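S.K.: Have a look at this one.
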Amino acid sequence: MANLEALLSPGAVAVIGASPDTKKIRGRIVASLKAGRYTGPIYPVNPAHSEIQGLAAYPSVAAIGRPVDLAVITIPAERVARALEECADAGIKSAV
6 MANLEALLSP GAVAVIGASP DTKKIRGRIV ASLKAGRYTG PIYPVNPAHS
56 EIQGLAAYPS VAAIGRPVDL AVITIPAERV ARALEECADA GIKSAV
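All the letters of the sequence shown, read from the start, carry residue numbers 6 to 101 under this note's numbering.
Spelled out as structure tokens, the structure:
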């Protein structure tokens, strides 16, 4: 079960493709993390924004510069493989 801890009980979450628009799923994920029981750091990743829903946004996962346990990937399918490579390079332990 220890191998699943980063996925099931992450210490920090990056939302790749996060949006300030809560009408989009990419924005609702950030809003849900903020409003729910999750208490760890949330790192929105979107190069088009410097802030998303009151949180500092990052242009890439490498720019976060802190440990991240879980990446929630909300970008188009053709960009997911590259995003997963970037997550691995940044030491992110799990992704959905």
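Every residue, glycine too, gets a C-beta built ideally from N, C-alpha and C.
Note that this is a predicted model, so its numbers are computed, not measured.
(1) For the beta strand (DSSP E) that contains Val50, what are its first and last residues?
(2) Give me the Cα-Cα distance between Ser37 and Val20, rounded to the nearest whole angstrom.
(3) By the three-class DSSP mapping on this structure, what secondary structure does Ile97 have?
(4) Could you pull the start and end residues of the alpha helix (DSSP H) that Ala40 belongs to?
(5) Establish whether the CB of Ala19 and some CB of chain D are separated by less than 8 Å.
(6) Am I right that Ile34 and Val77 are in contact with their C-beta atoms under 8 Å? What's the rounded C-beta distance?
M.R.: On the basis of the coordinates in this document:
(1) 47-50
(2) 12 Å
(3) coil
(4) 30-40
(5) Here there is only one protein chain, and chain D is not present.
(6) 6 Å
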